[in-house]
Amino acid sequence: EDQVTQSPEALRLQEGESSSLNCSYTVSGLRGLFWYRQDPGKGPEFLFTLYSAGEEKEKERLKATLTKKESFLHITAPKPEDSATYLCAVQALKLVFGQGTRLTINP
Amino acid sequence: NAGVTQTPKFQVLKTGQSMTLQCAQDMNHNSMYWYRQDPGMGLRLIYYSASEGTTDKGEVPNGYNVSRLNKREFSLRLESAAPSQTSVYFCASSEVWQGTYEQYFGPGTRLTVT
Numbered sequence: 005e006d007q008v009t010q011s012p013e014a015l016r017l018q019e020g021e022s023s024s025l026n027c028s029y030t031v032s033g034l035r036g037l038f039w040y041r042q043d044p045g046k047g048p049e050f051l052f053t054l055y056s057a058g059e060e061k062e063k064e065r066l067k068a069t070l071t072k073k074e075s076f077l078h079i080t081a082p083k084p085e086d087s088a089t090y091l092c093a094v095q096a097l098k099l100v101f102g103q104g105t106r107l108t109i110n111p
Numbered sequence: 151n152a153g154v155t156q157t158p159k160f161q162v163l164k165t166g167q168s169m170t171l172q173c174a175q176d177m178n179h180n181s182m183y184w185y186r187q188d189p190g191m192g193l194r195l196i197y198y199s200a201s202e203g204t205t206d207k208g209e210v211p212n213g214y215n216v217s218r219l220n221k222r223e224f225s226l227r228l229e230s231a232a233p234s235q236t237s238v239y240f241c242a243s244s245e246v247w248q249g250t251y252e253q254y255f256g257p258g259t260r261l262t263v264t
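As they're listed, the protein sequences go chains D and F. The opening position of the first sequence corresponds to residue 5 in the working numbering, with each subsequent residue numbered one higher. The opening position of the second sequence corresponds to residue 151 in the working numbering, with each subsequent residue numbered one higher.
What follows is the structure, encoded as structure tokens:
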């Protein structure tokens, strides 16, 4: 059965304190791994798609990387506006979402 | 370009009442989806429509029905609401690209069943 596990469940950082969120997965025939951002009371907002191990994508302070077993979302020098829940999803025959990491950046 | 829109934003129902959640997308996507999101459970797929004229069950279809009205619109119906259906419902749409599909989500409908 395809599974996605995100860690940690919640993370508090000070503004400017860089860190990484983890998405571990077990899936047969990975076609793509997706990262989303979700603000309270809003729908998930698409960030990145990664297709194969070794691939990296960047957007502002965020960089997503992919290995054969996990993906990392690196946040460099975060700002309070980066506070949100970050969701990971993997696609083989179907799309499976993780439960998310709730990130809080304190000013 | 509004993306994916959903109505209503909030709804309170009594047990046994029925209602339809509406979803529309203006991105010309072929595929549309309905999810529910519950604390600690993540996003779970209720139904999806791979293309106009087709619908299929997802992970948690019991108690729901769907209609793909046309390419733009995909509705979710609760025939007899139950407290277990209290949740946040999201509609999404996607197009296939390199065998994968990046889904774009609406703002959600927050449903409470008492």
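The beta-carbon is built from N, C-alpha and C at its ideal position, and this holds for glycine as well.
Beta-carbon gap between residue i and residue j smaller than 9 Å
i      : j      : result
Q18/D  : N110/D : yes
R106/D : T80/D  : no
F50/D  : E252/F : yes
L228/F : T157/F : no
L195/F : L99/D  : yes
L97/D  : G36/D  : no
T204/F : Q175/F : no
L70/D  : E59/D  : yes
S230/F : Q172/F : no
H78/D  : S23/D  : yes
Three-state secondary structure assigned by DSSP to residue i
i      : result
D86/D  : helix
Q167/F : coil
Q253/F : coil
S234/F : helix
N26/D  : strand
E21/D  : coil
V162/F : strand
V210/F : coil
Q153/F : Reading off the sequence shown, one finds Gly at residue 153/F, where the question assumed Gln. Here G153/F sits in coil by DSSP.
R194/F : strand
Strand pairing of residue i, partner residues [DSSP]
i      : result
E223/F : A174/F
A14/D  : R106/D
S217/F : S225/F
M182/F : S199/F, S243/F
T53/D  : F38/D
S32/D  : According to DSSP, which records beta bridges pairwise, S32/D is partnered with nothing at all.
T264/F : DSSP lists no partner for T264/F.
T259/F : Y239/F
Anticipated Cβ contact below 8 Å, residue i with residue j, distance rounded
i      : j      : result
L261/F : S237/F : 6 Å
M182/F : R218/F : 7 Å
Q103/D : Q10/D  : 6 Å
F255/F : G45/D  : Between G45/D and F255/F the Cβ distance is about 13 Å, and since that is not below 8 Å, they are no contact.
G192/F : F38/D  : In fact, because the Cβ distance is near 13 Å, the residues do not count as touching under 8 Å.
N180/F : S201/F : 5 Å
Under 8 Å from the C-beta of residue i: neighbouring residues of chain F
i      : result
Q103/D : G190, M191, G192
Chain-ordered neighbours of residue i on chain D, where CB pairs are closer than 7 Å
i      : result
T254/F : Looking at the sequence itself, residue 254/F is Tyr, so the reference to Thr does not match. Result: F50.
F240/F : G47
Neighbour list for residue i in chain D, Cβ cutoff strictly below 9 Å
i      : result
G258/F : G45, K46, G47
Per-residue contacts from residue i into chain F (C-beta, under 7 Å)
i     : result
F38/D : E252
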